[in-house]
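Engineer: Chains E and F are the protein sequences, given in the same order. The first sequence: position 467 = 467 (my numbering), numbered continuously. The second sequence: position 32 = 1032 (my numbering), numbered continuously. We treat Cβ as the ideally placed atom computed from N, Cα and C, and that holds for glycine.
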Amino acid sequence: MSFSTINSNINKNAGDSNNNTTENSSTTDLLGMDLLQHAPRLMSTMQPNNSSDMLPMANGTNLVQQSATNNNSSSANTGSKAPANEFVRKLFRILENNEYPDIVTWTENGKSFVVLDTGKFTTHILPNHFKHSNFASFVRQLNKYDFHKVKRSPEERQKCKYGEQSWEFQHPEFRVHYGKGLDNIKRKIPAQRKVLLDESQKALLHFNGEGVNPNSSSGALLNESTTELLLSNTVSKDAFGNLRRRVDKLQKELDMSKMESYATKVELQKLNSKYNTVIESLITFKTINENLLNNFNTLCSTLANNGIEVPIFADNGNQNPAGNGNNPTPTAVIHNSTANNASPTTSTVSLQMPNLPDENSLTPNAQGNTVTLRKGFHVLLVEDDAVSIQLCSKFLRKYGCTVQVVTDGLSAISTLEKFRYDLVLMDIVMPNLDGATATSIVRSFDNETPIIAMTGNIMNQDLITYLQHGMNDILAKPFTRDDLHSILIRYLKDRIPLCEQQLPPRNSSPQTHSNTNTTNSNPNTINEHSLSLLPQDNPSTTTPVTPGASISSAQHGQQEQQHQQLFHAQQQQHHNTARPDVSIPSLEHEINTVPHSSMGSTPQLPQPTIQENQLS
Amino acid sequence: MSTIPPEIINWTILNEIISMDDDDSDFSKSLIIQFIDQAQTTFAQMQRQLDGDKNLTELDNLGHFLKGSSAALGLQRIAWVCERIQNLGRKMEHFFPNKVELINTLSNKSVINGIDINEDDEEMKIQADNTHADSIFLILIAKALNQARLEFKLARIELSKYYNTDL
């Protein structure tokens, strides 16, 4: 039964009893003073006008109870003369007549009776003899008359001959063939009092229709059925408090659960939308990632293709710069300038071939590439294979370059520490140190010199690795003369060979030859000291540094500026015989252990792995 | 694995080198001679690895080395076999074709007339030694090395014909 149902019952009952009460007190004398004495408390609320005539309530006894009693007594007057404990007597008769031996019967000693089958008792006996609708109600009524259930332990219950499900009740005065005892069986009182006193007014009003005071004079007049009804309902009052508390508690818990469930629902929706957002951004991210990957692959393949195929050059300058044949190669310059001193050359493959008579014989091959490449670029070739060395240096010389060769990564590092080159061609797989690692070390002190990887490994992953190590480009092996030429054009076409870079004199302190602070200074800055040491045979008429049209011209401008200073510093070093780190001409494969000299090692930030000119 | 080129020599590459002879009449020939020396040395080093250290990384490097110089000269069949040795040394490949199969790919099969294709085959000592962890790769490299020697012999015949000298 729900709380609200109970409430409505209460109100209904209360309303009924109020009506009864009002009716009785105002229209009949039947009630007498007994009632009126107890009436004012109720009347004051129900009928204020009448209440002023009432006597004050004499004792704590409740009007409602009296009113109910009265009500009952009137019905009792009209009914049969039933004894007060008709319920017990009816039960006694059934047992004495042994009407339902299979359902209910005396126990063997006759001091108690047993209900063998509560189910059949409920379906067969209760409807015919009692007004109880269920067995529990019947048991409560028994309890009211101070019957007690004979309790059994689980073992006893199992052994009980009446069956496990049997209910045995006993009362000291309720025995077989002992009709006299029935007079002594009476209803208990205290429990009802207590309930009545404890209940709220509403509950009292409710009780009005049901409650009974056995002590009242009219108690004996109650007929059995009414008593049963009232008593059974009174008992439910007892439970009502508990029930209401439980229901209240349950209601609270339900409300809380509802709130929680709602909060959870909201939370779930939030999470769901968040999840969808995350999924969407993941998908977006994946798409972007794939696009980037595709772009990157395209870039890589383009780079690889550029390393193999001849790129198209827009420039259509002259085939040969005027007077190129008259310019001494840088190697020649160095050798001239160091003729009286220790040679700085670290590698012994002597490749300088100044004023080759057949230089122009190469130009037909380059006719497709209508780009001018100046003569005199100094190239460091890092390669361990003799055949490749010969082939590559032959090609380079055809293009007017001077070549120096080292055969492993370590030699390359030590050579680049001491000397400047216009370009470095670096094999990857070499003894002692591979080209990629060597390049990354070189990049720690030289970010300017272009370093080109020469390799047969042109897998995308390899190419990326090389670029990440600071290499500028890749020349795929085996390469043709034109492949090499395109690389030279790409990195040197707007450059002036280091050996030709000559700078106008400028007054400055000797200390300024350090190139650590060149960013804002004039590119032509050079100190007098180093200038004075310039070899006399160095070409004196050189075009000034002019940034080319390439995207990275600004970078090149700075690069050239450094190249100039380094070159002069180099010259200075060559003249300074006292310098301990100038090495004696060494044999091929020798690894120079000259300490890192100050002239070439500007601390520089790592250079971006992919340069602008590669992207263009 | 790519297929072996049918031509022994890529003449596009070699002709470019030969064209450099203008200013140095023996330039290309000297390169070829240098290569022949280099190839023989490398073959011997490979054989030493197969017989001794059985170091796959070394075999990879030797294969890579000879691949570079042979490819630079246009000796593409040798370069192809060297690439197989390199990849077998890296355990990237698990197969090497039979000699007959490879000979059948030659565009000019007449070149094999008059030579004993099994003459230079080194005994595969590794085959008896299956206990080595990399024996599969070592056996395949030994097989490839024999093929490389054969291809080298064929290239040498071709080059000797061209230079009209016994190279």
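(1) How long is the line joining the alpha carbons of residue 294 of chain E and residue 1132 of chain F, rounded to whole angstroms?
(2) In the DSSP assignment, the alpha helix (DSSP H) including residue 1046 of chain F goes from what residue to what residue?
(3) Show which residues of chain E have a CB atom less than 8 Å away from the CB atom of residue 1067 of chain F.
(4) Any C-beta of chain E sitting closer than 8 Å to the C-beta of residue 1144 of chain F?
(5) Nearest by alpha-carbon distance to residue 1076 of chain F: which of F/1154, F/1167 and F/1164 is it?
(6) If the cut is a Cβ gap below 8 Å, which residues of chain E does residue 1132 of chain F touch?
(7) In terms of residue numbering, what span does the alpha helix (DSSP H) encompassing residue 129 of chain E cover?
(8) Of all the CB atoms in chain F, is at least one closer than 8 Å to the CB of residue 391 of chain E?
(9) Please compile the residues from chain E whose C-beta is within a distance smaller than 7 Å of the C-beta of residue 1167 of chain F.
(10) Mind listing which residues of the segment 1020-1032 of chain F have their C-beta closer than 7 Å to chain E's C-betas, in chain order?
(11) Taking the alpha-carbon positions, what's the residue 1017 of chain F to residue 1073 of chain F distance?
(12) Can you look up residue 149 of chain E in the DSSP assignment and give me helix, strand or coil?
(13) So, is residue 75 of chain E buried or exposed, given that buried needs 16 or more other C-beta atoms within 10 angstroms?
(14) Any idea what DSSP makes of residue 403 of chain E, helix, strand or coil?
(15) Measure the C-alpha to C-alpha separation of residue 98 of chain E and residue 242 of chain E and round it to an integer number of angstroms.
(16) For residue 438 of chain E, go through chain F and note every residue whose CB falls closer than 7 Å to its CB, in chain order.
(17) From the DSSP output, which residues share a beta bridge with residue 372 of chain E?
(18) Rounding to the nearest angstrom, what Cα-Cα distance links residue 259 of chain E and residue 268 of chain E in this structure?
(19) Nearest chain F C-beta to residue 402 of chain E closer than 8 Å, yes or no?
(20) Please name the residue, chosen from E/145, E/144, E/143 and E/165, that lies closest to residue 153 of chain E on a Cα-to-Cα basis.
(21) Please go through the same chain and pick out, in chain order, the residues whose beta-carbon is closer than 6 Å to the beta-carbon of residue 1007 of chain F, but skip the five residues on each side of it.
(22) Determine whether the Cβ of residue 429 of chain E lies closer than 8 Å to any Cβ atom of chain F.
(23) Is there a C-beta anywhere in chain E that falls below 8 Å from the one on residue 1156 of chain F?
(24) Who are the Cβ neighbours of residue 1049 of chain F in its own chain at under 8 Å, not counting the five residues just before and after it?
(25) Of all Cβ atoms in chain F, is any one closer than 8 Å to the Cβ of residue 388 of chain E?
(26) Check each residue of the segment 1046-1076 of chain F: if its Cβ is closer than 8 Å to any Cβ of chain C, include it; give the result in chain order.
(27) Do you know how far the Cα of residue 261 of chain E is from the Cα of residue 247 of chain E?
(28) Taking its Cβ as the centre, do 16 or more other Cβ atoms sit within 10 Å of residue 452 of chain E, making it buried, or is it exposed?
(29) Taking the alpha-carbon positions, what's the residue 485 of chain E to residue 395 of chain E distance?
(30) By the criterion of Cβ-Cβ separation under 7 Å, what are the contact partners of residue 481 of chain E in chain F?
(31) For the candidate residues E/454, E/106 and E/444, whose alpha-carbon lies nearest to that of residue 383 of chain E?
(32) When you compare each of F/1139, F/1149 and F/1009 to residue 1039 of chain F by their alpha carbons, which one comes out closest?
(33) Going by alpha carbons, who is nearest to residue 1010 of chain F out of E/291, E/479, E/492 and E/487?
(34) Mind checking residue 1147 of chain F: buried by the 16 CB within 10 Å criterion, or exposed?
(35) Using CA coordinates, which residue listed in F/1020, F/1137, F/1145 and F/1035 is at the minimum distance from residue 1206 of chain F?
Structural biologist: Once the coordinates are examined:
(1) In the first sequence, residue 294 of chain E corresponds to position 294, counting from 1. In the second sequence, residue 1132 of chain F corresponds to position 132, counting from 1. Cα to Cα, the separation comes out at about 43 Å.
(2) If you number the second sequence from 1, residue 1046 of chain F lands on position 46. Its alpha helix (DSSP H) spans residues 1027-1051.
(3) Along the second sequence, read from residue 1 onward, the residue named residue 1067 of chain F stands at position 67. Correct list: 456.
(4) Taking the first residue of the second sequence as 1, we reach residue 1144 of chain F at position 144. It does not; no Cβ of chain E falls within 8 Å.
(5) Taking the second sequence and counting its residues from 1, the one referred to as residue 1076 of chain F is at position 76. It is F/1154 whose Cα lies nearest to the Cα of residue 1076 of chain F.
(6) Locating residue 1132 of chain F in the second sequence gives position 132, where the first residue counts as 1. The contacting residues do not exist; residue 1132 of chain F stays about 25 Å from chain E at best.
(7) As a working mapping, residue 129 of chain E is identified with position 129 in the first sequence. From DSSP, the alpha helix (DSSP H) with residue 129 of chain E extends over 126-129.
(8) Residue numbering aside, residue 391 of chain E sits at position 391 when the first sequence is read from its first letter. Cβ-Cβ to chain F under 8 Å: yes for residue 391 of chain E.
(9) As a position in the second sequence, residue 1167 of chain F is number 167, starting the count at 1. Result: empty, since nearest Cβ-Cβ is about 14 Å, beyond 7 Å.
(10) 1020, 1022, 1023, 1027 and 1031
(11) On the second sequence, residue 1017 of chain F is found 17 positions in, with the first residue counted as 1. On the second sequence, residue 1073 of chain F is found 73 positions in, with the first residue counted as 1. If you take the alpha carbons of residue 1017 of chain F and residue 1073 of chain F, they lie about 8 Å apart.
(12) What you label residue 149 of chain E is simply residue 149 of the first sequence in a count that begins at 1. Here residue 149 of chain E sits in strand by DSSP.
(13) As a first step, residue 75 of chain E is located in the first sequence; it is residue number 75 there, counting from the start. Reliability of the predicted coordinates at residue 75 of chain E is poor, the pLDDT of 41 falling under 50, and the value obtained from them is presented with this limitation in mind. The residue is exposed, with fewer than 16 neighbouring Cβ atoms inside 10 Å.
(14) Along the first sequence, read from residue 1 onward, the residue named residue 403 of chain E stands at position 403. Here residue 403 of chain E sits in strand by DSSP.
(15) By 1-based counting over the first sequence, the position of residue 98 of chain E is 98. By 1-based counting over the first sequence, the position of residue 242 of chain E is 242. Rounded to the nearest angstrom, the two C-alpha atoms are 39 Å apart.
(16) Looking up residue 438 of chain E in the first sequence gives position 438. Per Cβ cutoff of 7 Å: no residues; residue 438 of chain E is ~16 Å from chain F at best.
(17) Numbered from 1 along the first sequence, position 372 holds the residue referred to as residue 372 of chain E. DSSP output for residue 372 of chain E lists no bridge partner at all.
(18) On the first sequence, position 259 is the one that residue 259 of chain E refers to. On the first sequence, position 268 is the one that residue 268 of chain E refers to. The straight-line gap from Cα to Cα measures roughly 14 Å.
(19) For the purposes of this step, residue 402 of chain E is identified with residue 402 of the first sequence, where counting begins at 1. No, its Cβ sits nowhere closer than 8 Å to a Cβ of chain F.
(20) Against the first sequence, residue 153 of chain E aligns to sequence position 153. Of E/145, E/144, E/143 and E/165, the residue nearest in Cα terms is E/165.
(21) By 1-based counting over the second sequence, the position of residue 1007 of chain F is 7. The residues are 1107.
(22) Mapped onto the first sequence, residue 429 of chain E falls at position 429. By this cut-off, residue 429 of chain E is an interface position.
(23) Against the second sequence, residue 1156 of chain F aligns to sequence position 156. Chain E contact via Cβ: absent.
(24) Start at 1 with the first residue of the second sequence, and residue 1049 of chain F comes out as number 49. Counting only Cβ-Cβ distances below 8 Å, and skipping sequence neighbours, we find 1055, 1058, 1059 and 1062.
(25) Here residue 388 of chain E refers to the residue found at position 388 when the first sequence is read from its first residue. Chain F, which has a Cβ nearer than 8 Å to the Cβ of residue 388 of chain E, makes this yes.
(26) The chain inventory of the structure shown lacks chain C, comprising the protein chains E and F.
(27) As a first step, residue 247 of chain E is located in the first sequence; it is residue number 247 there, counting from the start. As a first step, residue 261 of chain E is located in the first sequence; it is residue number 261 there, counting from the start. Cα-Cα distance, rounded: 20 Å.
(28) Indexing the first sequence from 1 puts residue 452 of chain E at position 452. Classification for residue 452 of chain E: buried.
(29) As a working note, residue 485 of chain E is residue 485 in the first sequence. As a working note, residue 395 of chain E is residue 395 in the first sequence. When rounded, the distance between both Cα atoms is 9 Å.
(30) By one-based count along the first sequence, residue 481 of chain E stands at place 481. Here the neighbours are 1016.
(31) Within the first sequence, numbered from 1, the residue matching residue 383 of chain E stands at position 383. Comparing Cα positions, the closest option is E/454.
(32) Here residue 1039 of chain F refers to the residue found at position 39 of the second sequence. The shortest Cα separation from residue 1039 of chain F among F/1139, F/1149 and F/1009 belongs to F/1149.
(33) To locate residue 1010 of chain F, count along the second sequence from 1; it is residue 10. Selected option, being the one with the closest Cα: E/479.
(34) Indexing the second sequence from 1 puts residue 1147 of chain F at position 147. Its Cβ being crowded by 16 or more others within 10 Å, residue 1147 of chain F is buried.
(35) Because chain F spans 1001 through 1167 in this model, residue 1206 of chain F falls outside it and cannot be assessed.
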